[in-house]
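Read the structure below first, then the notes.
There are 4 protein chains.
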Amino acid sequence: MTMISNGVIDAENEKVHAALEADYDHLGEVLARRGVDIGWVKDKVAAYGVAVPSWGVGTGGTRFARFPGQGEPRHIFDKLEDCAVIQQLTRATPTVSLHIPWDKVDDLKGLKQRGDELGLGFDAMNSNTFQDQPQQRLSYKYGSLSNANGATRQQAIDHNIECIEIGKVLGSKALTVWIGDGSNFPGQSHFARSFERYLEAMKSIYKHLPDDWRIFSEHKMYEPAFYSTVVQDWGSNYLIAQELGPKAFCLVDLGHHAPNVNIEMIVSRLIQFKKLGGFHFNDSKYGDDDLDTGSIDPYRLFLVFNELVDAELSHADGFDPAHMLDQSHNVTDPIESLMTSAMEVSRAYAQALIVDREALGGYQEGGDALMAYETLKKAFRTDVEPILAMARLEQEGAINPVSAYRASGYRQKIAGERPAVTGSGGGIV
Amino acid sequence: MTMISNGVIDAENEKVHAALEADYDHLGEVLARRGVDIGWVKDKVAAYGVAVPSWGVGTGGTRFARFPGQGEPRHIFDKLEDCAVIQQLTRATPTVSLHIPWDKVDDLKGLKQRGDELGLGFDAMNSNTFQDQPQQRLSYKYGSLSNANGATRQQAIDHNIECIEIGKVLGSKALTVWIGDGSNFPGQSHFARSFERYLEAMKSIYKHLPDDWRIFSEHKMYEPAFYSTVVQDWGSNYLIAQELGPKAFCLVDLGHHAPNVNIEMIVSRLIQFKKLGGFHFNDSKYGDDDLDTGSIDPYRLFLVFNELVDAELSHADGFDPAHMLDQSHNVTDPIESLMTSAMEVSRAYAQALIVDREALGGYQEGGDALMAYETLKKAFRTDVEPILAMARLEQEGAINPVSAYRASGYRQKIAGERPAVTGSGGGIV
Amino acid sequence: MTMISNGVIDAENEKVHAALEADYDHLGEVLARRGVDIGWVKDKVAAYGVAVPSWGVGTGGTRFARFPGQGEPRHIFDKLEDCAVIQQLTRATPTVSLHIPWDKVDDLKGLKQRGDELGLGFDAMNSNTFQDQPQQRLSYKYGSLSNANGATRQQAIDHNIECIEIGKVLGSKALTVWIGDGSNFPGQSHFARSFERYLEAMKSIYKHLPDDWRIFSEHKMYEPAFYSTVVQDWGSNYLIAQELGPKAFCLVDLGHHAPNVNIEMIVSRLIQFKKLGGFHFNDSKYGDDDLDTGSIDPYRLFLVFNELVDAELSHADGFDPAHMLDQSHNVTDPIESLMTSAMEVSRAYAQALIVDREALGGYQEGGDALMAYETLKKAFRTDVEPILAMARLEQEGAINPVSAYRASGYRQKIAGERPAVTGSGGGIV
Amino acid sequence: MTMISNGVIDAENEKVHAALEADYDHLGEVLARRGVDIGWVKDKVAAYGVAVPSWGVGTGGTRFARFPGQGEPRHIFDKLEDCAVIQQLTRATPTVSLHIPWDKVDDLKGLKQRGDELGLGFDAMNSNTFQDQPQQRLSYKYGSLSNANGATRQQAIDHNIECIEIGKVLGSKALTVWIGDGSNFPGQSHFARSFERYLEAMKSIYKHLPDDWRIFSEHKMYEPAFYSTVVQDWGSNYLIAQELGPKAFCLVDLGHHAPNVNIEMIVSRLIQFKKLGGFHFNDSKYGDDDLDTGSIDPYRLFLVFNELVDAELSHADGFDPAHMLDQSHNVTDPIESLMTSAMEVSRAYAQALIVDREALGGYQEGGDALMAYETLKKAFRTDVEPILAMARLEQEGAINPVSAYRASGYRQKIAGERPAVTGSGGGIV
């Protein structure tokens, strides 16, 4: 079933179809001059997908405030419908990533069935031990998997195991573990003992991981902990994956690094040492801003994909990263942001595909720094939008998803169905 | 009236009184060798105070979660009592800074009277246009004082004027304006038009400022806006104070700057150009972490006070900064953190007072970089705790405020009186 | 006269001329659909120029080492020839900016004449008080214009006046003052006194400035001073321009800011307050890396030009910025880097010209954050290379300047004429 | 033999001896109250030493300029004499770390003998493949151990082996490898291939390492490479040490990290995984500023030593770090800076020794964040100068090394013996 009438999409597509054909043809000529087959790029883009996080379709906020929009999803079934709109229009987001307990339901089979109806699969499961839930016995105020108290650690372990069990029913094949554990003051926690406890707890979870699953640990420099974080960077993250075993991999969130860090280099290192698990895509200017992917530094996103495509095309051993968006939509319609961001990810992928890698390799070996960086820039500045649009069109998506979405009146429709949420003034400053 | 029995304080003081006398005497000798009169330092410290923010006595949190403690204050009257404890034990926090509408009450005179009873004055008023309140007509989602919509700007102006009116009743003499206005994406707002609208709105507020009041604008690099912030740095802040007039000054929050910025130099510039309004003290490692003052980089705090004392002792023209703590206490008892932080501020002040400024001036003029920085370091590494403790003792405070507080059982008492708050799981990620 | 035979350029152009015509035509159609006249953009790009710094044509280095290339220029006459190559091929760099005393010659009229012959004008003069020259009487080790010693300040003032005198002969109309003054340790210098001395010294220079000249002060966060810098940011820079008078303006070097700072916002503020003097273009990832313009974050460069074009097209009062490249070419042929960078500047200008500003203004006023940023992104991802190439071709430049340059054998020729420079091992670590 | 007459030292010590005794006695009482034996601390401080880098006794500079002082050392024998002064006065720097080829001499046995005469041992050997030397066959412009050219890599390998051979004669037991390899532009180098070549080259060097030697790899985020660096962070550094084997360890330079990074946590991780090789101590505010240790953020230095002492006192398996200063003295007398910095290192060590670790452990386990950080702060704010001074005095050093040095007239003496160096104006901008 579809959330938006195909007639609406067709009508929107019709308006720009001829222009798209002309642009696609011309781009095909341009790429042909460079020895690139536009059809090959289009097919790869069409086969590419990025998961949408279930929590991404609700309006996000900061510790200062949250300004909800109209038609906020009430539960996972509402969220799935919003995700289906994104996938219908972009044809780039075939799966949804759930967060437990936010998305917990009694009827898991019903949830799976609803996903099937909407044409959505279930990506990695996300556990939550960075908040206290209403009925929760022990608090995570001073840590979860690294808590000094063994019972609290066990509670957090059990929750992760529960996430695996839920995921098994839904067809998920991975568990993502992000914790907020850390400290706010020098001295508050003992770095080595905390890390030992964390590793021990993760090993307990790892034991429950099915053979065809993977476990992703995610590092983050700071926030919610403001002096030290247990899994603070890719160095610690690598140690975790190494200690746990062959099913353990590192997840890279683009916003979780120190200022100025060369993220694409971290990606390369993790690929080289066979521990890249996947990505949480977003963009940022200051900290973990969780802005829309590619909105602040699109070239950086391209450089990350340059590494990914290099690994893909050279068939790097064990290379199979999971891709997910992870953003906070505070001032936009979340559906529009997620569609736009999914397309930005596809765009970076397409641009990286048309890099002349043979020439690049020659410049690298020959010390021709200028032509090497010009080779990347040339691919980056190619406007690949016609390829993305044609891939969408051929899969019955929208040439211009935002226009089609606005034309459909979907937001107005759900605004009438879902109760309005009033502004939250948290008072946390 | 006092919140804690003097008997408890006396008993605690008695335990360490003799040691304090010995330490104070020895420190007096050490300082005398350097030509510094310990009594002069002690008197200055005793006369020094820093305001406590009313919201600081509640447990803070992040966008991910808040983990409340026991005995959370329910309203401004509870908050005042907690503030009174801090002042009773430290004798360093004689005033409270209110936040409207969080602290709004119908009976303002009753509030003023309660402050009087508890020996607390009212410092600068803080307005709030970074959140939407339940009955609020127009949303601040896209800005308040800089909003493109004139009616929304007027609503924000009116709120600030209301804050002045409330403050008049309470005896406050200043309004602090911090806004969250800005944008999350390049293009979202027009920098110049936004700033023009902001300036125009501030001028409207300024017109309502009583002659003996000051208005403080506060800059912040980012958060809650993640691409641009209307009052993003001291440069913009200075322009505001200059455009508004002689009653307008710049407020410096120690956590609101870009990484690596030399904050003490900004303080110097604002003093030199007669626009330093005051401080929000806290500490940080990554962003606006709002950690306890002096907990991360105590030397930086000292260097700020080195500028303040330099201005004070040289009678810099127009120098009269307001001092306030502004912290978020996520993992500690807020009362303990605020007491400790108030003492850290006093400590930095005392250390700056014992700098040999005559020698320092000579080294600066003579290009003796090593002896210049050693002169500051020598003052910084002097343990001035005996001076602070003696100043507290002589004003009937506690030699060791945290010990006395814990001995008093105050937290346990209010935990029994104030209802427990359950953990908040915001789900904002 | 021309440094490279037109025949070489023609032959190179011939190879890609047909493709350029096709690309230009198609781009014209694409832009026409958006209501943009490609000819208007091309004409503006053709009329646009950026100055080349004389020191940029030599290989740069770091404190660790310098690795010279072949054919390093020996003096300003060699440098002028290299600059003429850049201008001949790109038609985007009509002027050269000199650095005194590096470019000092006895025969100024001869220098002027040589510039005329090569078709090069003389942009802003750059003074140098951050180094000690062989016969210099007083050292700048502890500062120049802010030195505690009056005689040293006078020496630095006199040098700047000399730069003005030289510039008068050459036809320059501006003096750029960048100093390295600052301190390496807390306490080493007194912030306020240093700034007072600096302002006093600048006023002395300002008095000698001809009526039709401008003086540019340039801020920089750090390096060579590593704790404080006298002109550390745009806030201090604005104060300087304000104190000096109407001929004083602020220069923005893209690499001289704290991490994460929103530079385009600073540009907007300086335009709004009529104090933007101009730019030193380059790019950076970590500090003042002085990398090739647009090589690290091309979108940031575009956002700066978005502000410039907004001001240009709205005829902002007093808006007349000077544009110069300021880069260090450590691993590339400097001529190739400067050509590429000049084209990147033109590219950002062209992209900013095609932004749909009317639509953008509507989105900004209407709170449509997503369409606002998409409006900028759409312009940015347009490949405007055909416009730049056509503008070059029509002015007898090269469609592909780097290819033409390599085909010309210019570097090999000068390598034979100019003596080889051996590697420098400074030993400064 | 001694460089400075003991009579001068005695006379200086006499002036402050009585005050020191009084201060030491009082501090002894203070520490006794806390259960700490001052004699135990003093003995540990007395036994502690940090190596001085041979290049540190010359005046440093930046890419902009170098401002030499008087009496600059001409060669390693001059440098050894300056180092002997530092050790004589501070009794905290018993060894010197050499840099090849800067310190290369024909008569290695004579060098060893001179060290013995001056009471100086030889610490880790430092190789140099970040510069080209006059007679060098192949350039390191595009890398050394990671160069695409095998012959260049071999040249760099051979140089490192030569350093080992020299070190064997001198009694060194470690080789420190820091390279400048990296890239200035995206695309310039292939991350994975570069790292593979580096690892292969390091393995060749490792094969030549004597059984009782260690090899230290040193990471650095950037400079001299400004886009990517082959050994960019502790994550890559750990991978290197792991790949090489049990004699390979990671060296941590305090200035080689991204902004805001929690360095003490990295130290803890490397200790936990048995790969901490040692330190290059210095301080910084912006980048790799190489300022005097403890001059910018003394609390951070203390927190690093808090980790080291925790490991020392708990007898962490395989814990045996090497300690060296690595600073650039641009505006001070290098001898004075190195003496002061050596004392700062000892100070941080002493402060960390008096932390109440039993209480701290209890607070950490019990979630008492406030008392935990106060426990560290209490130790940090203790003025341990009397302990350091007494340790120096008892070993015939100076109570106040800088005063004694200035009284000795050593700098004036060598200024007369060593030819003046004129200011260098590199012209590298």
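Residue numbers (our numbering), protein chains in the order written: chain A, 85 to 513; chain B, 85 to 513; chain C, 85 to 513; chain D, 85 to 513. Beta carbons are placed, not taken as given, at the ideal position from N, Cα and C, and that holds for glycine.
Three-state secondary structure assigned by DSSP to residue i
| i | result |
| --- | --- |
| N90 of chain C | helix |
| S412 of chain A | coil |
| I263 of chain C | coil |
| R237 of chain D | helix |
| H340 of chain C | coil |
| H101 of chain B | helix |
| T313 of chain C | strand |
| G509 of chain A | Bear in mind that the predicted position of G509 of chain A carries a pLDDT of just 48, short of 50, making it unreliable; the figure below should be weighed with that in mind. If DSSP states are grouped into helix, strand and coil, G509 of chain A belongs with coil. |
| L204 of chain D | coil |
| F151 of chain A | coil |
| L360 of chain A | strand |
| D381 of chain D | coil |
| A406 of chain B | strand |
| D515 of chain A | This structure leaves residue 515 of chain A out entirely; chain A is present only between 85 and 513. |
| F365 of chain B | strand |
Residue(s) in a DSSP beta bridge with residue i
| i | result |
| --- | --- |
| V136 of chain A | A:V180 |
| I299 of chain C | C:L259 and C:A332 |
| N210 of chain C | C:H183 and C:T260 |
| G145 of chain B | B:R150 |
| L375 of chain C | C:D367 |
Within 8 Å, strictly: CB atoms of residue i and residue j
| i | j | result |
| --- | --- | --- |
| L293 of chain A | K331 of chain A | yes |
| L535 of chain B | C167 of chain B | The shown model of chain B, from 85 to 513, leaves out residue 535 of chain B, and the question about it has no answer. |
| I241 of chain A | I184 of chain A | no |
| P343 of chain D | A342 of chain A | yes |
| N346 of chain C | I289 of chain C | no |
| Y457 of chain A | S379 of chain C | yes |
| A103 of chain D | R117 of chain B | yes |
Within-8 Å CB hit, residue i to chain G
| i | result |
| --- | --- |
| K99 of chain B | Within the model displayed, chain G is absent; protein chains A, B, C and D are what it includes. |
Touching or not, the stretch 482-500 of chain D and the stretch 406-424 of chain D, by the rule of three or more beta carbon pairs under 8 Å? Cβ pair count under 8 Å is three or more, so yes.
Touching by the beta-carbon criterion (3+ pairs, under 8 Å), the stretch 363-373 of chain D and the stretch 361-374 of chain A: With fewer than three CB-CB distances shorter than 8 Å, the stretch 363-373 of chain D does not count as touching the stretch 361-374 of chain A.
Selection of the stretch 306-322 of chain B by Cβ proximity to chain A, strictly under 8 Å: Listed by position along the chain: Y306, E307, P308, F310 and Y311.
Interface residues of the stretch 370-381 of chain B facing chain D [CB-CB below 9 Å]: Look at the stretch 370-381 of chain B: the residues with a C-beta under 9 Å from a C-beta of chain D are Y370, G371, D376, G378, S379, I380 and D381.
If you measure beta-carbon to beta-carbon, which residues of the stretch 415-427 of chain B are closer than 8 Å to chain D? Answer in chain order: V415, T416, D417, E420, S421 and T424.
Please list the residues of the stretch 335-366 of chain C that have a C-beta atom closer than 8 Å to any C-beta atom in chain B, keeping them in chain order. If you check each beta-carbon in the stretch 335-366 of chain C against every beta-carbon of chain B, the ones closer than 8 Å belong to H341, A342, P343, N344, V345, N346, E348, M349, I350, S352, R353, I355, Q356 and F357.
Do the stretch 259-278 of chain B and the stretch 301-319 of chain B make contact, defined as three or more Cβ pairs closer than 8 Å? Taking 8 Å as the limit for Cβ pairs, the verdict is that the stretch 301-319 of chain B does touch the stretch 259-278 of chain B.
Taking contact to mean 3 or more Cβ pairs, one atom from each stretch, closer than 8 Å, check whether the stretch 209-217 of chain C and the stretch 147-163 of chain C are in contact. Verdict: no, contact absent.
Quick test of the definition: if touching needs 3 or more C-beta pairs under 8 Å, does the stretch 87-94 of chain C touch the stretch 121-130 of chain B? For the pair of segments examined, the stretch 87-94 of chain C was found not to touch the stretch 121-130 of chain B: the number of CB pairs separated by less than 8 Å stays below three.
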